Amino acid sequence: MDSLHIFRVNQVKGIYAEIHEGDPLSFYVPSDSKAGEAHLVRLNHNIDSGGVEFNGECDCPDFSCRCLPNFNKTKAVSLSTHKDHRTRCKHIRRALREFNRLMVLGVSRDRVRRNVKQREAAK
Ligand SMILES: [Zn+2]
């Protein structure tokens, strides 16, 4: 838990996490139980045994007590939210939601820019 970080995320607008120090694979996610505090999530940690899927890592107690032991049993990502099966805590799921949002917006902007350039080149 990073208590020094001042969390600025606006959940009203549907933004659930904030990129940590410019690393687009690391996010601060607000704690539900401790106002103003945030958990650090690193999406590219804990790769599965096949090397094709990432689970992510969080510094919250749920991740270290339940999710990581579940992941280490099978070395596979579980999408279950049941405590006996889940390998991702709610903070990792929120960070993934924010990562997806940023990716879609980024790809959309790139596509718009490319379309504009192609139209201009065709003139
Ligand atoms: Zn967590």
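Taken in order, the sequence shown gives residues 1 to 123; the numbers are from this note's numbering.
Ideal Cβ placement from N, Cα and C applies to all residues, glycine included.
The model shown is predicted, which means the values in this text are computed figures rather than measured ones.
From L4 to V41, what distance separates their C-alpha atoms? Confidence at L4 is low in this model, with a pLDDT of 43, below 50, so its placement is unreliable and the value that follows should be read with caution. Their backbone Cα atoms lie some 16 Å apart in a straight line.
DSSP state of A38 mapped onto helix, strand, coil: strand
Measure the Cβ-Cβ separation of Y16 and R66 and say whether it is below 9 Å. no
Which residues in the same chain have their Cβ closer than 7 Å to the Cβ of R97, if we skip the five residues on either side of it in sequence? Y16
Local conformation of S33 per DSSP, three classes: coil
In chain order, what residues of the same chain have a beta carbon less than 7 Å from the beta carbon of L25, not counting five sequence neighbours either side? R42, L43 and N44
Under 9 Å between C-beta atoms of N100 and V77: no
Quick check on H91: does DSSP put it in helix, strand or coil? helix
Distance between F27 and F71 (C-alpha atoms, nearest Å): 20 Å
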